[in-house]
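Engineer: Residue numbering for the sequence shown follows this note's numbering, beginning at 44 and increasing consecutively. Don't be surprised by glycine CBs; every beta carbon is placed ideally from N, CA and C. Since this is a predicted model, take the numbers as computed values, not measurements. Here you go, one structure.
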Amino acid sequence: MSDFTADQVPIVTSEMLGKSPELRFGISTRKGGVSGGAFGMNLSYNVGDDRDSVRQNRLRFFGSLGIVEANVAYPMQCHSGVAKEAPDPGSYAECDALVTNKSGVYLAITVADCVPIFLWDSRANVVAAIHAGWRGTVARIVGTTVNLMQKQFGAHTEHIVGFIGPAAGACCYEIGHDVANQFNGANVAIRNGRTFVDLKKANLDHMVEMGVSAGNIEMNTTCTICSPETCHSFRRDTHRSGRMMGVVGIKP
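The structure is reproduced here in structure tokens:
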């Protein structure tokens, strides 16, 4: 395990999740890594970065949270609305969200504008990690994940707390009319003839519609597109960027 600490690897955390003694939780930034150029603290092997650099970055990130990568589960992230149970570490195909009640299994997603969402029901002892791009948001992946938590693990929406992490904000996330028509108009804005969507608010609304209290949902206000010093952004960096990673799990 790496000896790096959260002081050496900047971590985005949450009042609701980060201070839960039962959990390990954090989201990386673009700082604290060894990759060169635009990649910075890149944690994805699929963006053209040097694999050894990514491996070192992952050691730093997971080490800062007290996690060993062998205990991490990943959804393959195909911009779907699919959530799956993750009883073991490893990769899970054709899904964008994972749910587990297994202690010592950590759920990780990578993002660079899409919305990272994390859910926790301390009474049912179940966590979830969700990757929600615009397609996943339209497919209501948050609702699908909450349903899985309820049906498979006995979670109750009144006990679920959630964290919405850094993502492209309503200030910058421009979409076409064909995409805008798939969203609730309350989360779409037109400015100077251009159309923008608030993906974070759309996912928050979906959680509330499922019965999660708005007071139990914490939202990070950082926009990845207009935060080049701290965040990777696929759109801002002309489609050549690193990926941040968020991870959550129940301690053994």
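Considering only the alpha carbon of each residue, which of Pro209, Arg166, Met119, Ser78 lies closest to Ile160?
Structural biologist: Among Pro209, Arg166, Met119, Ser78, the Cα nearest to that of Ile160 is on Pro209.
Engineer: Which of the three DSSP states is assigned to Thr200 in this structure?
Structural biologist: Three-state result, Thr200: helix.
Engineer: Whose CA, out of Thr188, Gly124, Gln99, Tyr216, lies closest to the CA of Ile203?
Structural biologist: That would be Thr188, whose Cα lies nearest to the Cα of Ile203.
Engineer: Classify Phe226 as helix, strand or coil using the three-state DSSP reduction.
Structural biologist: Three-state DSSP puts Phe226 in coil, outside helix and strand.
Engineer: Taking the beta carbon of Gln120 as the centre, do at least 16 other beta carbons fall within 10 Å, making it buried, or is it exposed?
Structural biologist: Gln120 comes out buried.
Engineer: Within its chain, find whatever has a CB closer than 6 Å to the CB of Asp164; leave out the 5 residues flanking it on each side and keep chain order.
Structural biologist: Answer for Asp164: Ala198, His202, Ile203, listed in chain order.
Engineer: Between the C-alpha atoms of Gly80 and Ser96, what's the straight-line distance to the nearest angstrom?
Structural biologist: Spanning the two alpha carbons is a distance of roughly 12 Å.
Engineer: Take Met287 as the anchor and find which of Lys74, Leu191, Gly205 has the nearest alpha-carbon.
Structural biologist: Of the listed residues, the one whose Cα sits closest to Met287 is Lys74.
Engineer: If you follow the alpha helix (DSSP H) that Gly106 is part of, which residue opens it and which one closes it?
Structural biologist: Where Gly106 is concerned, the enclosing alpha helix (DSSP H) stretches over 94 to 107.
Engineer: How about the region 134 to 144 and the region 103 to 112: do they share at least three Cβ pairs that are nearer than 8 Å?
Structural biologist: Counting Cβ pairs under 8 Å, fewer than three are found: no touch.
Engineer: Could you work out which residue in Arg98, His275, Met192 is closest to Ala126 when comparing CA atoms only?
Structural biologist: The shortest C-alpha separation from Ala126 is found at Met192.
Engineer: Are there 16 or more other CB atoms within 10 angstroms of the CB of Asp92, so buried, or fewer, so exposed?
Structural biologist: Answer is buried; the Cβ neighbour count reaches 16.
Engineer: Threshold first: 3 residues or longer. Then list the beta strand (DSSP E) segments lying entirely within the region 94 to 182, N to C.
Structural biologist: Segments of the beta strand (DSSP E) lying fully in the region 94 to 182: 115 to 118, 126 to 128, 133 to 135, 140 to 143, 149 to 154, 158 to 164, 169 to 175.
Engineer: Which residue's Cα is closest to the Cα of His220: Ala211, Gly236, Cys214, Phe206?
Structural biologist: Of the candidates Ala211, Gly236, Cys214, Phe206, the one whose C-alpha sits nearest the C-alpha of His220 is Gly236.
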